[in-house]
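Residue numbers (the numbering used here): 142 to 1044.
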C-alpha cells in the first residue's frame, strides 16, 4: 500500500476510533504514586529532574521503552501514550488546546471548558501579559479536566490570507508570534502541564497538507517559519513540539533530520520531545533516527511499536536512540511536574474563567474604521437598534476542527447588546441571510436563500410564496451509498443545499450555526442525496444557477437538466436562466460522492446549490432585515465566516452566504450601519467598506463574544487591538499570487516569496492593502514625541534601545501599541523595507504621558546568511520607524549597528 492510500486508511481509522469510542479507558489513566521510597527512588522530589530521569530510565526494559514512545488511541484523549504502572509512570493525556481545552471524555464535566477567543484574536491584543494569562487558564483547565499535555500553541505563520486555519495562528510576523507564543507557553507550563508547539514546520495551508512538498529557502525557514519555535525554546523552556504532515524540501517533516535534529535540537538547543501530528509518521527507522520521539497514534497502523522493536533488534535503530527518546519525554514529565501532580477532575470555575475570556476578547477587538466617530454608541442618542446577521442570535462563530471547544455557557451578540442597552433602548433582531454552515468553508457562488425554496411542488410554492403558509427549503433524502440504492436513510427539509461532510462533520469538530440540524456521522463517508421542491424568483431577471461539488451533481429545472457538474475535484458549473417574479419552478438536485480517492484524504460530501443574482434581487429574509434597519436608529450587522481545519483553503476572501449583499442593502437603508466581523482571517470589503461608517474586527471571540462586542460598541471598553495580519484590498492584491506559490502545483508549494511574507511582501510589491499590519483605531488619540535611539553593548551583546514620549491627547482612557520597525539593513543582501523589531502596549488615562522604552530584537537587525549558516548583523546605519501601524509611522530615527567584523 503506497503512502497516500495508507494515510487515507489511517486517517479514517483513527477518527473512527475517537468518535465511536472503541477503547474502554478509566476516567484518567494511571497516576504515579506520590510517595518516594527505596523501590522508586525517582519519586524523591529533592533530586533534580535529570537525576530522577536517569534513575527511572535504567529500570525500563527495551520493550517498555518502545511501548512508551509509541502512542495509543482512545475515546477520552485522542492523543495518548500509556503510562507504566510497574514503575509509576503516568500516562500522557493530551488535549487539543489552541483556543481552550477540547474535552473528549463524556465523564468529565459534560465535555465542557472555557471557549476562549481564537489565537489570532489573542495575537491582535499585542499584549504578552494577556497571552500568559490565556495560557495559564488553558493549563489550569487542562489539568482540572484530566489532561497533562496541551496541544498548542499553533505557531504556523499566516503566510496567505486564504488559510482556513489562520485563526489558530498568531499572525503573519515571526517576532509577534514569538513574543505572544512564548508568553502563552509560559502560562500553560506554570501548571503541571506540558505545552506542545505545532506544527513544525512549513504547515501553512490545509489544501493537500497531508502530502504537499513545501519548498522554502534556508533563509526563509530561519528568518520566518522557524523563529517562533526558536523563541519557545529560548524564552519558554518548551516541553514538546509537534512535527507536521507535509514534506519540507522533499522530506516528510517527521523524518526530516535537518529540521528535527540539526535545527531544532542542535541550533536552537531544544531539550523537549518531538511528537508526530496524528498519523504524520510515515516510516520506522528513518523517523526514529531523524529525531522523532513519540509517534501518535501507534499500532496497529502506525510505524513504530513492534516495527520499531524489530528495527532495534536488527540494528537499524540503536537502543541508545530509543533511550534518548525516552529520556527526553521523562525529563519533561519530571521537570514540568507531571509525576508529582497527578491530573484531576476538578470543576471548572465557569464564571471566573468566562470573565477572563470576555476580557481577552475585549482587548483583541480591532476598530478598523470609525468615520464621523459613529462609535461608541450613546444611549442618549440611540433608542432603537437593529441587530442583523445570520448568527447574531447565537454564539456559534468559532473555528472548526480539533480546536473547537464545547463552552461552559455562551452569550450571543444579540444577547450582549440587549443586556448592555438595557431599558429604554428597543433592540430587535433579523437574520438577513441563512445560518452559516460548514458548506460555507469552500468556494463558489453563495447558496440560494432558503426563502426562495419550497419543499412542495411549484404549484404549492407559487400559491404560498410570501405568506404565513410558506415553507422554506427543499425536501432532502440521504442514502449511505453513492448510488441512491434502496430507501433513503434520512428524510428531512434542508434550508439550503450547502453540504460539507467528512472531517468537517465529525462529532465536536463542526462550528456550524446552532440553528442548523446535525447531520448524522454515518453520512461522512460515501453517500448520495436528492433534494426536491420548487424555486421562486424575487424579481424578473436573468440568474446564474450553479452547482459546486466534489463528485457528480445535477440540477433539473422543470425536469430539464440545466447544470451538470462532474466534480472529480471541487469545482463549479453555472448556467443562465430567466425567471419571472413570483413564478415557481420545480427543481431536483441529485448528488453522488463518486469522486476518485483524493490524494490527501477520502473526503466527505461537498455540494452547494448556488446563484448569482442581480443586486436588487432581495429575498424575503433579507428584506425583513432591511425594513428593520430602516426604522432603527442604528443597525449592527454581525457577519461571520466558516474557517476550519480540514482539507480546503479559500481562494477568495468574500463573506459567504449573501452577507455582502446584506451589508450593502442595510447600509443603504440606514447610514448608521456598523459591521462587526467574526472571522479567523482577513475578509475582503471592497464592495461595501465605503458604504458603512464603522467596522469592528471581532475575530472568533469565544463564549463571551456577545458581552465583549457590546462593551466595545458602547464604549465601556476602548478598543486597542491591532491587526496581526494584513487585510488585502482584494484577492488579486497579495504578494503570494501564483498557483505555484499557493496552493501549489503537482504537489509542490513553492515559497518563492522568500522572507517577504505578509506586510513585508506588500511593501516589496508596492501593494496598498485595505488595512495594514498593525492597524487599529481607538476612541482616543495618541501623540508621539521626542524619539531617542541608541546602541548599547558590543559584538554579540549589541542591542538597540528606542525611547519616546507617548501622550493620550483625547478625552477617554485608552491603550496604544507603540510599534517599532527597522528599515533595509546596510547590506547588499535584500532585506525588508520595513520589519517589526519591537513593541510595547501602553495604557494611558486621558491627558497623561509616559516615557516608553523598547529594546529591539536582534534578529530584526540581522539576516540569515546561507553561505555561513549563521545570523549576520551587518555594519552601518539603519532607519528606525516608530508608529501606530506599519503604514502609520509617527517618528523616524536611525542608528548605527554591527561590529567591525560585520557579524
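Glycine included, C-beta positions come from ideal geometry on N, C-alpha and C. Everything numeric in this text was worked out from a predicted model, so none of it was measured.
Secondary-structure assignment with DSSP links residue 1017 through a beta bridge to 1038. Among the bridge pairs identified by DSSP, residue 384 is matched with 341 and 417. As DSSP reads the structure, residue 943 sits in a beta bridge with 930 and 995. Counting C-beta atoms within 10 angstroms of its own C-beta, residue 1008 has fewer than 16 neighbours from the protein chains shown and is therefore classed as exposed.
The continuous beta strand (DSSP E) containing residue 727 extends over residues 725-733. The criterion of a C-beta distance shorter than 7 Å is satisfied by residue 864 and residue 914. Sequence-distant partners of residue 970 (beyond 5 residues in either direction) whose C-beta falls short of 6 Å from its own C-beta, in its chain, are 1004.
For residue 928, the closest of 966, 993, 270 and 954 by C-alpha to C-alpha distance is 993.
Collapsing the DSSP output to three states places residue 183 in a helix. Between residue 582 and residue 785, the C-beta spacing is below 7 Å. In the structure shown, residue 548 adopts extended strand secondary structure according to DSSP, grouped into three states.
Of all alpha-carbon atoms in 989, 635, 189 and 906, the one lying nearest the alpha-carbon of residue 597 is that of 635.
Boundaries of the beta strand (DSSP E) around residue 525: 525-529. DSSP lists 241 as the bridge partner or partners of residue 239. The region 277-285 and the region 251-268 touch, with no fewer than 3 CB-CB distances between them shorter than 8 Å. DSSP places residue 677 within a strand segment (E or B) once states are collapsed to three. For residue 974, the CB contacts under 7 Å within the same chain, skipping 5 residues up- and downstream, are 904, 905, 964 and 965 in chain order. Per the coordinates, the alpha-carbon of residue 440 lies some 15 Å from the alpha-carbon of residue 416. One thing to note: residue 731 has its Cβ no nearer than 7 Å to the Cβ of residue 765. Counting along the chain, no alpha helix (DSSP H) covers residue 610, and no H or E run does either. For the 7 Å CB-CB criterion, residue 268 and residue 340 do not form a contact.
Take residue 491, set aside five residues on each side of it, and the residues of its chain with a beta-carbon closer than 6 Å to its own are 549, in chain order. Within a 10 Å sphere around the beta-carbon of residue 206 sit 16 or more other beta-carbons, which makes this residue buried. In the three-state reduction of the DSSP assignment, residue 373 falls in the helix class, which pools H, G and I. Rounded to whole angstroms, the gap between the alpha carbons of residue 459 and residue 886 is 39 Å.
Between residue 359 and residue 305, the C-beta spacing is not below 7 Å. Look at residue 618 here: in three-state DSSP terms it is strand. Shown here, residue 963 sits in a strand according to DSSP, grouped into three states. Approximately 5 Å separates the beta-carbon atoms of residue 620 and residue 669; this is inside 8 Å, confirming the contact.
Under the three-state reduction of DSSP, residue 903 is assigned to helix. Taking a contact as a CB-CB distance under 8 Å, the pair residue 824 and residue 782 counts as one, their CB atoms being some 7 Å apart. Counting along the chain, residue 691 sits inside the beta strand (DSSP E) bounded by residues 682-698.
Linking residue 733 to residue 575 through their CA atoms gives a straight-line distance of about 24 Å. Taking a 10 Å sphere around the C-beta of residue 488, we find fewer than 16 other C-beta atoms and assign the residue as exposed. Judged by their CB atoms, residue 413 and residue 329 are not nearer to each other than the 7 Å cut-off.
For residue 657, no alpha helix (DSSP H) run applies, since DSSP gives it neither H nor E.
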